[in-house]
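Worksheet: one structure, shown below.
Protein chains in written order, with my numbering: chain A, 1 to 195; chain B, 196 to 318.
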C-alpha cells in the first residue's frame with residue numbers, strides 16, 4: 001500500500017482546526033498533572049474492559065484469556081500519555097490503532113463510545129479523587145477533550161483510509177477511482193428519504 | 196485537431212464499423228469519461244465501471260502471472276460489455292446487444308484501443 005503511516009497521520013492532523021487539536025499548553029498541563037492522574041490507571045484499565053466484556057458485540061472482539069494482555073496495552077497507553085512527549089511517534093501510534101482495529105474487528109462506533117466512557121471516567125475521578133480546584137478541573141477536561149478529539153480523528157480516519165487502501169490494492173481500483181465510484185453512486189442519493 | 200475530437204472520430208468510426216454497438220466510450224483509468232457515443236445510459240457511471248473492470252483485470256493478470264492486461268468482458272443475457280486497455284492512461288469500453296459479431300467487435304475495438312492509446316500517450 002502506497003501511503004505511509006507518517007503521511008496518513010500528517011494528513012489527518014492537518015485537517016483538524018488548530019484550536020481543536022491537542023496543544024502544547026494541553027501537553028504542559030497534562031504532564032504537570034501526571035502524578036495525580038497516574039493512579040487512575042487501575043480505574044481505567046478495569047472499568048474499560050468491564051464495559052467491553054459486559055456487551056456481547058464488544059466482548060466478541062476478544063479471544064478467551066486475552067483480557068490481561070489487553071488491559072496491559074491500555075495501561076501502556078495511559079503511562080505513555082502521561083509521560084509524553086506528544087510527538088509524531090505518539091500520533092502515529094494513535095493512527096496505527098485504526099489499522100489494528102480493522103484487523104481485530106473493532107468498529108469506530110465501539111472506539112468512539114469507549115472514548116466517551118474514558119472522558120466520563122476521568123471527569124468523575126478528577127472531581128472525586130484528584131479533587132482539582134474548579135478552574136483547574138475545567139482546564140484539564142478541556143485538554144482531555146482535545147486529546148480525545150485528536151486521537152479519535154486519527155484512529156477513525158486511519159481506519160477508513162487503511163480500509164480503502166487495502167481494498168484499492170487488492171482490487172487494483174485506484175483510490176481516485178474509488179472516490180469517483182462513490183461520487184457517481186451517491187449523486188442520485190436523496191438523504192431526505194431517510195429522515 | 197484536439198485529442199477529444201480525435202477520440203470522438205475513433206468512436207464514430209468504431210460504431211460505424213460495428214452497427215450492433217449501442218455504446219462506445221473512452222475513460223481515464225480513474226473513471227472520468229473523456230469521449231463517448233451512446234444510444235442511452237449514464238456515461239459517468241459506465242466510465243467508472245469500465246475503469247473498475249480495467250483495474251481489477253490488471254490486478255488479476257498480475258496475480259496469475261498473465262502479464263500485461265489487454266481486455267475483459269461482461270456478458271448478460273441481453274448484451275455484453277467489452278473493456279480494452281488503451282495504454283497506461285485510458286480504457287475503451289463498448290456495449291453490444293446479444294448475438295453481436297464478437298469477432299468483428301474485437302477486431303475493430305482492439306484497433307480503436309491502440310489508436311486511443313497513441314493519441315493519449317502523445318499528450
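Here a beta-carbon is modelled for each residue, glycine too, at the ideal position from N, C-alpha and C.
In this text, all values refer to a predicted model and were calculated from it rather than measured experimentally.
{"Check": "So for residue 198 of chain A, helix, strand or coil by DSSP?", "Outcome": "The displayed coordinates of chain A run from 1 to 195. Any statement about residue 198 of chain A would go beyond what the structure contains."}
{"Check": "Please compile the residues from chain B whose C-beta is within a distance smaller than 7 Å of the C-beta of residue 176 of chain A.", "Outcome": "225"}
{"Check": "Suppose the cutoff is 8 Å on Cβ atoms and the five residues either side in sequence are ignored; what does the same chain contact list for residue 152 of chain A look like?", "Outcome": "111, 112, 115"}
{"Check": "Taking the CB atoms as reference points, tell me whether residue 276 of chain B and residue 295 of chain B lie closer together than 9 Å.", "Outcome": "no"}
{"Check": "Please work out which residues of its chain come closer than 8 Å, Cβ to Cβ, to residue 6 of chain A, disregarding the five sequence neighbours upstream and downstream, and give them in chain order.", "Outcome": "88, 92"}
{"Check": "Could you say which of A:108, A:184, A:136, A:67 lies nearest to residue 161 of chain A if we only look at CA atoms?", "Outcome": "A:108"}
{"Check": "Does residue 180 of chain A get closer than 9 Å to chain B when you measure Cβ to Cβ?", "Outcome": "yes"}
{"Check": "Tell me, please, whether the CB atom of residue 237 of chain B is closer than 9 Å to any CB atom in chain A?", "Outcome": "yes"}
{"Check": "Taking 9 Å as the threshold (beta carbon to beta carbon), is residue 193 of chain A in contact with chain B?", "Outcome": "no"}
{"Check": "Can you confirm whether the stretch 175-187 of chain A touches the stretch 232-248 of chain B when touching is taken to mean that 3 or more C-beta pairs between the two stretches lie within less than 8 Å?", "Outcome": "yes"}
{"Check": "Just mark residue 189 of chain A as buried or exposed, buried being the case when its beta carbon has 16 or more other beta carbons within 10 Å.", "Outcome": "exposed"}
{"Check": "From this set, B:208, B:200, B:313, B:279, which residue's C-alpha is nearest residue 252 of chain B's C-alpha?", "Outcome": "B:279"}
{"Check": "Should residue 55 of chain A be listed as close to the ligand FMN, given that the test is whether its C-beta is under 8 Å from any heavy atom?", "Outcome": "The ligand FMN is not part of this structure, which contains no ligands at all."}
{"Check": "Report yes or no: do three or more beta-carbon pairs, one from the stretch 53-65 of chain A and one from the stretch 20-34 of chain A, lie closer than 8 Å?", "Outcome": "no"}
{"Check": "In angstroms with no decimal places, state the Cα-to-Cα distance between residue 206 of chain B and residue 163 of chain A.", "Outcome": "37 Å"}
{"Check": "One question on the structure: do residue 259 of chain A and residue 122 of chain A come within less than 9 Å of each other, judged by their Cβ atoms?", "Outcome": "As shown, chain A starts at 1 and ends at 195. That puts residue 259 of chain A outside it, with no answer to give."}
{"Check": "Could you tell me which residues DSSP pairs with residue 278 of chain B in its beta bridges?", "Outcome": "B:267, B:288"}
{"Check": "From the DSSP output, read off the bridge partner residues of residue 223 of chain B.", "Outcome": "B:285"}
{"Check": "Can you tell me where the beta strand (DSSP E) holding residue 228 of chain B begins and where it ends?", "Outcome": "228-233"}
{"Check": "State yes or no: is the beta carbon of residue 3 of chain A nearer than 9 Å to at least one beta carbon in chain B?", "Outcome": "no"}
{"Check": "Taking 9 Å as the CB-CB cut-off, is residue 197 of chain B touching chain A?", "Outcome": "no"}
{"Check": "DSSP on residue 217 of chain B, reduced to helix/strand/coil?", "Outcome": "strand"}
{"Check": "Is it right to say residue 313 of chain B is buried, meaning 16 or more other beta carbons lie within 10 angstroms of its own, or is it exposed?", "Outcome": "exposed"}
{"Check": "Counting only Cβ pairs nearer than 9 Å, list the residues of chain A close to residue 288 of chain B.", "Outcome": "Correct list: empty, because the minimum Cβ distance to chain A is about 14 Å."}
{"Check": "Please state whether DSSP places residue 120 of chain A in a helix, a strand or coil.", "Outcome": "helix"}
{"Check": "Can you check whether the CB of residue 145 of chain A is closer than 9 Å to the CB of residue 177 of chain A?", "Outcome": "no"}
{"Check": "What are the residues of the stretch 243-266 of chain B that lie near chain A, defined by any Cβ-Cβ distance shorter than 7 Å?", "Outcome": "243, 246, 247, 250, 251, 253, 254"}
{"Check": "Report the neighbours of residue 240 of chain B on chain A: residues whose CB is nearer than 7 Å to its CB, in chain order.", "Outcome": "184"}
{"Check": "Measuring straight from C-alpha to C-alpha, what distance separates residue 150 of chain A and residue 220 of chain B?", "Outcome": "45 Å"}
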